[in-house]
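First up is the structure itself, then whatever we jot down about it.
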Amino acid sequence: MLLTSIKRLKSIGIIGMNQRNFGLVSRYNPRHLYPLVDDKLKTKRLAQQAGITVPKLLGTLHYQHDVKQLKDVLEAYKQFVIKPVKGSGGKGILVITEHDHQFYYKPSGDAVKLPYIERHVSNILSGLHSLGGKPDSVMIESLIQIDPVFANYSYEGIPDLRVIVMKGYPIMAMLRLATHASDGRANLHQGAVGVGIDIGTGEALHAVQYGNPVYYHPDTRKPFHDLTVPHWNKLLVLASACYGITGLGYLGVDIVLDRDQGPMIIELNARPGLSIQVANFAGLAPRVKVIETLEKIDSDPQSRVEFSINNFATSRNSIRPHRETNQS
Amino acid sequence: MKTDTRLYSAVILILFVGIGLILYKHLVLGFPLMPDDKKFVWTIEAKIDFQAQGDPVIVSFALPPDEPHLTFMEEDFASSDYGFSELISNNERRGQWSKRTAQGAQTAYYRLSVYEHGNIVQIPPSDEPVPPQKPELDELFMTASLTLIEKVRAKSANSEIFTRELIQTLNSKSPNQNQRLLRNDKAGQDHKTNLILDILALEGISARVVRGLFLEDGRRRQSLTNYVEIHDGERWILFNQDTGQSGKPKNFLIWQRGGQSLLDVVGGVNSQVSFSIIKNTHSTRSLVVNSNLNEQASIIDFSIYSLPIEQQNAFKMILLLPIGALVVVIMRILIGIRTSGTFMPILIALALIQTTLFTGIIIFLTVVGIGLMIRSYLSRLNLLLVARISAVIIVVITIIASISIISHKIGLSQALTVTFFPMIILAWTIERMSVLWEEDGPREVLIQGAGSLLTAIIAYLFMTNRTVEYLTFNFPELMLVNLAMILILGQYTGYRLTELYRFHSMGQDNATDKH
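If you read the sequences in order, they're chains A and B.
1 is the number of the first residue of the first sequence in this note's numbering; add one for each residue after it.
1001 is the number of the first residue of the second sequence in this note's numbering; add one for each residue after it.
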């Protein structure tokens, strides 16, 4: 029983945690490059230099006494996102969608007062959300405007797209949709929906919540079968270009689509998770192998993306059997 | 793949050294592999009685020779007012008691504690024989002896068989007249010994008397038994002079070899010696450690055993930690259980060792539960991180103190062991879990909390296992084996057990898709 399920997972090419840590992360991601992605300010600066679109930086806070200036910094903006510079896994992110200088409103509609935000900032600064509890900095970013394509696919948060980029080649992609169960967050293990996206076309292939297939968004009831991510080519090129700025061979690129500015990079991850395989209904191993056997890495992101589109496009009929069922 | 070969050669080297050291300690130094291994220690007391006559007294007594398969733990020469010295000459040890004047009944004691190594091959003595000297016998005995020799020689091919035949013939149940004359049943065992030695000398075989003691528990007033040892040109062979059987019998302690006297008393009369024997059971391990410490075997002399007992006890605990680490590695890499804090479970396991399992778990859950409640209040107070954790530490200490006091008042003495829990670690656990609760919800707290506790309990079960405890302390080399295992596990790139569940839907669906 155990052996057969191991064999089955192996035959699909599912990569496990140990394999990821050993064969991918520690092999392709040199330790000294981690700070480039662990420090989001650095990532942002690098991306901007390379002409990659990122959310606008509204302000930064580095020391506890900066907290007093928070009110002045926030004054000018109607909407903003507060993030720990060295946070991981979406921890410590506070989104404010509107405020009247008295009350600040979270996407859920909860109203909070300034002291709440100040405490949040202070917690970030003392390292609550950073790796190893090291003192951290706070960055305040402009709020991304949800693209109308996704309007009915998300509950509270903004959907973000995770692309796994191997040596600069996008090999797998997944759209993460916040749900009521995930409390507006895009973390799959908390109940967010993961939608596997075809590298070839940007169309949805398969969707899971808590590891089980779903066919429509659990809160909005909107079916996934005709979900297609717009700006797909541009988006992949953007993801692919992140390899050039970081040098990390196994990279998770988190991208959001802004209504006005199109795709932009919000975060890079040197240890991307494995749920993407469940969402795509496919293992990473065969695609990793294709890239590993490449003799030469193309230096142009656009041609790398073309290679990926040609090689990793999924024929929809075999992997998306529910499409017929939904239509009939 | 170069790193692979490097790693595997390192693993093999470490394994080789580790197992090699363990085998060396087991096979050569005699460390038992199991904690219950016991050895018998014989305590033999020789009591020498004589009547002193007012003159200077010198008592000279043969002491058993040091043999490689024996370990003398303790020798004691207790006799009031007597000077004592040990003399070693001609492969013989003698104890000598002396006193300027003595009058009346005197007693000297010699006490020896000895045990046998089970696993060391017995080596026969290697000293060279003295060529036999023709005995001086009167006509009658000479003739009888020669007749006997003729008869025995006819049946034997070498000196070993000759000796056996000779002894058997002399001891035959229906002796002829000749044999009866020679053996003179009224004389003691010394007569028989001398007779055998004489006849062997006539045949030109080097031989000597061996006196020894049969070790039997609780015996008193024993005397030495005579054996005959012959040299067949290559080696010494020991014979029972009553049966002709060769070889050293079990539990026979050789006291003296050769014809010198067992006991000489100058300045005293009516001397006699008697032996009493007691058997004790000791753990093999402590015997081995003591004897090797005494002999300064360098591997033992530079080991934990040379430390004071208190430090040794501390090390007992420390050496268990790698076992806990191994459990954590297995749980995380092979099973895939999530724990809050990588090695926090080991510290919990250490605390459980002190508190016992059930009490420990109850205490842990109580402290963490109350801590979480108070922490959720603290989070509303808007504190900086370090201050908050410090506050949690104080809260934890307060909880622990309250548990101690309350349980003491209601008479639950077990709960007093609560102080063994590492408080800083508990405070951090509470802090982490509370953050986890806020960020990932109670489900994640439950998963990680249960994972940590499960890992801690498994580590605890291993660490309190008597055999594991014994092996880790007495064979610290096991750490190398442990290290090798961890290095190999560090290479494991297969699925974790929990991943089979995590990806289970894929496996099944894929299988049905194919149909």
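Even for Gly, the Cβ is constructed at its ideal location relative to N, Cα and C.
Span separating the alpha-carbon of residue i from that of residue j
{"i": "D1055 of chain B", "j": "R1208 of chain B", "result": "34 angstroms"}
{"i": "P159 of chain A", "j": "F1343 of chain B", "result": "36 angstroms"}
{"i": "T1225 of chain B", "j": "D1081 of chain B", "result": "31 angstroms"}
{"i": "G1244 of chain B", "j": "V1288 of chain B", "result": "36 angstroms"}
{"i": "P213 of chain A", "j": "H206 of chain A", "result": "7 angstroms"}
{"i": "S1223 of chain B", "j": "F1050 of chain B", "result": "16 angstroms"}
{"i": "N269 of chain A", "j": "K86 of chain A", "result": "11 angstroms"}
{"i": "R27 of chain A", "j": "L1446 of chain B", "result": "34 angstroms"}
{"i": "S1206 of chain B", "j": "T1169 of chain B", "result": "20 angstroms"}
{"i": "M174 of chain A", "j": "P115 of chain A", "result": "37 angstroms"}
{"i": "T1417 of chain B", "j": "Q1354 of chain B", "result": "7 angstroms"}
{"i": "L1489 of chain B", "j": "S303 of chain A", "result": "40 angstroms"}
{"i": "H99 of chain A", "j": "Q79 of chain A", "result": "8 angstroms"}
{"i": "N152 of chain A", "j": "K56 of chain A", "result": "25 angstroms"}
{"i": "I1120 of chain B", "j": "G1212 of chain B", "result": "Its pLDDT being 49, under 50, I1120 of chain B is placed unreliably by the model, and the measurement read from it follows with that caveat. Computed Cα separation, rounded: 20 angstroms."}
{"i": "D1036 of chain B", "j": "I1149 of chain B", "result": "53 angstroms"}
The alpha helix (DSSP H) enclosing residue i, as first and last residue numbers
{"i": "V121 of chain A", "result": "L114 to L125"}
{"i": "R1257 of chain B", "result": "R1257 of chain B -> not in any alpha helix (DSSP H); beta strand (DSSP E) instead, spanning F1252 to R1257."}
{"i": "V1265 of chain B", "result": "Unbroken run through V1265 of chain B is the beta strand (DSSP E), L1263 to V1266; no alpha helix (DSSP H)."}
{"i": "G1369 of chain B", "result": "L1357 to L1378"}
{"i": "D337 of chain A", "result": "Beyond the ends of chain A as shown, which are 1 and 328, falls residue 337 of chain A; an answer cannot be given."}
{"i": "D38 of chain A", "result": "Y34 to D38"}
{"i": "A1154 of chain B", "result": "E1139 to A1154"}
Contacts of residue i in chain A (Cβ-Cβ under 7 angstroms)
{"i": "D1440 of chain B", "result": "Q190"}
{"i": "E1499 of chain B", "result": "G16 and M17"}
{"i": "V1435 of chain B", "result": "L128"}
Residue i: first and last residue of the uninterrupted beta strand (DSSP E) it sits in
{"i": "E267 of chain A", "result": "G262 to N269"}
{"i": "H1231 of chain B", "result": "T1225 to H1231"}
{"i": "E1116 of chain B", "result": "Q1103 to E1116"}
{"i": "E1075 of chain B", "result": "L1070 to D1076"}
{"i": "G1244 of chain B", "result": "G1244 of chain B -> no beta strand (DSSP E), and no H or E assigned at all."}
{"i": "D1198 of chain B", "result": "That residue, D1198 of chain B, is in no beta strand (DSSP E); its alpha helix (DSSP H) goes Q1189 to L1202."}
{"i": "V253 of chain A", "result": "Y250 to D258"}
{"i": "A285 of chain A", "result": "Not the beta strand (DSSP E): A285 of chain A falls in the alpha helix (DSSP H), residues A285 to E292."}
Backbone secondary structure at residue i - three-state DSSP
{"i": "I1397 of chain B", "result": "helix"}
{"i": "M63 of chain A", "result": "Here the sequence assigns Tyr to residue 63 of chain A, which means Met is not the residue at that position. Coil."}
{"i": "E141 of chain A", "result": "strand"}
{"i": "I1034 of chain B", "result": "Here residue 1034 of chain B is Met; the residue named in the question, Ile, does not match the sequence. It is coil, neither helix nor strand."}
{"i": "S130 of chain A", "result": "strand"}
{"i": "T1419 of chain B", "result": "helix"}
{"i": "T228 of chain A", "result": "strand"}
{"i": "V1386 of chain B", "result": "helix"}
{"i": "N18 of chain A", "result": "helix"}
{"i": "Y1495 of chain B", "result": "coil"}
{"i": "A1207 of chain B", "result": "strand"}
{"i": "I1120 of chain B", "result": "Note that I1120 of chain B has pLDDT 49, beneath the 50 cutoff, so the model's placement of it is unreliable and the number below is only indicative. I1120 of chain B: coil per DSSP, three-state reduction."}
{"i": "D110 of chain A", "result": "coil"}
Residue i: CB within 6 angstroms of a non-hydrogen atom of the ligand COA
{"i": "L1426 of chain B", "result": "Among the ligands in the structure shown, none appear at all, so the ligand COA cannot be discussed."}
Residues bridged to residue i [DSSP beta-bridge criterion]
{"i": "S1089 of chain B", "result": "B:E1092"}
{"i": "Y243 of chain A", "result": "Answer is none; Y243 of chain A lacks a bridge partner."}
{"i": "R206 of chain A", "result": "According to the sequence provided, residue 206 of chain A is His. The question's Arg does not apply to it. In DSSP, H206 of chain A forms a bridge with A:G196."}
{"i": "Q1222 of chain B", "result": "B:F1275"}
{"i": "H1282 of chain B", "result": "B:K1039"}
{"i": "I82 of chain A", "result": "A:L94 and A:I140"}
{"i": "Q1526 of chain B", "result": "No information on residue 1526 of chain B is available, as it lies outside the stretch 1001 to 1515 that chain B covers here."}
{"i": "A1062 of chain B", "result": "B:R1094"}
{"i": "K1099 of chain B", "result": "B:V1057"}
{"i": "P213 of chain A", "result": "A:V208"}
7 angstroms Cβ cut-off: residues of chain B touching residue i
{"i": "S137 of chain A", "result": "Those do not exist, as S137 of chain A stays about 14 angstroms from chain B at its closest Cβ, beyond 7 angstroms."}
Contacts that residue i makes with chain B (C-beta to C-beta distance below 8 angstroms)
{"i": "K91 of chain A", "result": "E1439"}
{"i": "L143 of chain A", "result": "In chain order: nothing, as chain B lies at least about 21 angstroms away."}
{"i": "P84 of chain A", "result": "Chain B residues near P84 of chain A: none, gap ~12 angstroms exceeds 8 angstroms."}
Proximal chain A residues relative to residue i, where beta-carbon distance stays under 9 angstroms
{"i": "L1384 of chain B", "result": "Q64, S122, N123, L125 and S126"}
{"i": "I1457 of chain B", "result": "None at all; the shortest Cβ gap to chain A is about 23 angstroms."}
Within chain B, partners of residue i - CB distance below 9 angstroms
{"i": "F22 of chain A", "result": "G1490, Q1491, Y1492 and T1493"}
{"i": "G211 of chain A", "result": "Y1501, R1502, F1503, H1504, S1505 and M1506"}
Cross-chain neighbours of residue i in chain A, by beta carbon under 8 angstroms
{"i": "G1336 of chain B", "result": "M17"}
{"i": "R1496 of chain B", "result": "G16, M17 and N18"}
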